[in-house]
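Working notes, structure below.
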Amino acid sequence: MGDGNTETRQLLERSIAMWDSEGGASSNEPPAPMEPGRDREQDPQLSNAELVNLRVRVIALENLVIALMSQASNQEVDIAKEMAALILPRPGYKQHPLTIKAAEHMSDLLDRAARFKSMPPSAVPYKSTRVFDENTLPAGFRKEHMTKAGVWGVIRVLEGQLRYEVLDPVSDTVIEPGVPGLILPEQPHRVEPIGQMRMLVEFYNQLPSL
0 MGDGNTETRQ
10 LLERSIAMWD
20 SEGGASSNEP
30 PAPMEPGRDR
40 EQDPQLSNAE
50 LVNLRVRVIA
60 LENLVIALMS
70 QASNQEVDIA
80 KEMAALILPR
90 PGYKQHPLTI
100 KAAEHMSDLL
110 DRAARFKSMP
120 PSAVPYKSTR
130 VFDENTLPAG
140 FRKEHMTKAG
150 VWGVIRVLEG
160 QLRYEVLDPV
170 SDTVIEPGVP
180 GLILPEQPHR
190 VEPIGQMRML
200 VEFYNQLPSL
């Protein structure tokens, strides 16, 4: 094994050691006693607004990871896959649910990056909105509006349902995960949430492949 591979292995092992020490995996040893005078209930509780902000940041970071990994070399992808495999429960450690989910989520991000990389140019948006929910959806989306000439849009619902109304020609569609809504150039339309939902809009300079 070359020096480069040895350094990579050492880096991975150090990362895993940090994961274990920070609680990502649970040892069979009894938990260490809490510091004298410390009460678990004294740990700060996040407000709902802070949780929403944290969720938005996580989504943004995940999309950045997907974009970067879609341009990564095969060696870099293999290293990421190896890291995902390494954080699965190992001998001497319990099957910690968070550890397992983290490894599965890493693999899912890599799969999404691979799909993004294999997309034809017509399937890659040049721009997209941030993720909106039923509370943050802009008022302009709820009333009649349209894209510019030569601009196609795709409405993607990540969670829940969204009513998509085209005004010319008239149509009314319910969009949900896995069922995107196509917006044609200069086509008047509007949307309205149906209960709790999360969605975004992608923009293309040619007819996209749905």
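Under numbering that gives the first Met the number 0, the residues of the sequence shown are numbered 0 to 209, in order. Beta carbons: idealized from backbone N, C-alpha and C, even for Gly. What you are looking at is a predicted structure, and each value in this text was computed from that prediction instead of being measured.
- Query: Which of helix, strand or coil does DSSP assign to R129?
  - Reply: Stepping through the sequence shown from its first residue, residue 129 is reached at position 130. Note: R129 maps to coil in three-state DSSP.
>> Output needed for V130: all residues of its chain with C-beta closer than 6 Å, excluding positions within five of it in sequence on either side, in chain order.
In response: Taking the first residue of the sequence shown as 1, we reach residue 130 at position 131. I58, R197, L199.
Q) Roughly how many whole angstroms lie between the Cα atoms of T135 and E164? A) Here residue 135 corresponds to residue number 136 of the sequence shown, with the count starting at 1. Here residue 164 corresponds to residue number 165 of the sequence shown, with the count starting at 1. Cα-Cα distance, rounded: 19 Å.
Span of the alpha helix (DSSP H), counted from its first residue to its last, around S170: Translated into positions along the sequence shown, residue 170 becomes position 171. Unbroken run through S170 is the beta strand (DSSP E), 169-174; no alpha helix (DSSP H).
**Asked** Given a threshold of 16 other Cβ atoms within 10 Å of its Cβ, counted over all protein chains shown, does A112 qualify as buried or as exposed?
**Response** Position 113 of the sequence shown holds residue 112. When all chains shown are included, A112 counts as buried.
Review point. In terms of DSSP beta bridges, what is P192 paired with?
Key: Indexing the sequence shown from 1 puts residue 192 at position 193. Looking at the DSSP assignment, P192 forms a beta bridge with L161.
Practice prompt. Flag I65 as yes when its Cβ comes closer than 7 Å to any non-hydrogen atom of the ligand COA, and as no otherwise.
Written response: Among the components modelled here there is no ligand, and therefore nothing to report on the ligand COA.
inquiry  = Just to check my reading of the structure: L109 and K80 have Cβ atoms closer than 8 Å, yes? What is that Cβ distance to the nearest angstrom?
reply    = Taking the sequence shown and counting its residues from 1, one reaches residue 109 at position 110. Taking the sequence shown and counting its residues from 1, one reaches residue 80 at position 81. Indeed they touch by this definition, with Cβ atoms about 6 Å apart.
_One question on the structure: do I86 and A101 come within less than 8 Å of each other, judged by their Cβ atoms?_
Reading the sequence shown from its first residue, position 87 is the one you call residue 86. Reading the sequence shown from its first residue, position 102 is the one you call residue 101. A contact, by the Cβ cut-off of 8 Å.
Reference V51, options E133, Q74, D167, T128, closest by Cα: Residue numbering aside, residue 51 sits at position 52 when the sequence shown is read from its first letter. The candidate whose alpha carbon is nearest that of V51 is E133.
Notebook entry, point to check: Ends of the alpha helix (DSSP H) at I58?
Noted result: Sequence index remark: in the sequence shown, residue 58 carries index 59 (1-based). Looking at the DSSP string, the run of the alpha helix (DSSP H) that includes I58 is 47-69.
Exercise. In this structure, does DSSP put M145 in helix, strand or coil?
Worked result: Taking the sequence shown and counting its residues from 1, the one referred to as residue 145 is at position 146. Here M145 sits in coil by DSSP.
Return the chain-ordered list of same chain residues with a C-beta closer than 6 Å to the C-beta of S219, the five sequence neighbours on each side being excluded. With the chain running from 0 to 209 in the structure shown, residue 219 is simply not present.
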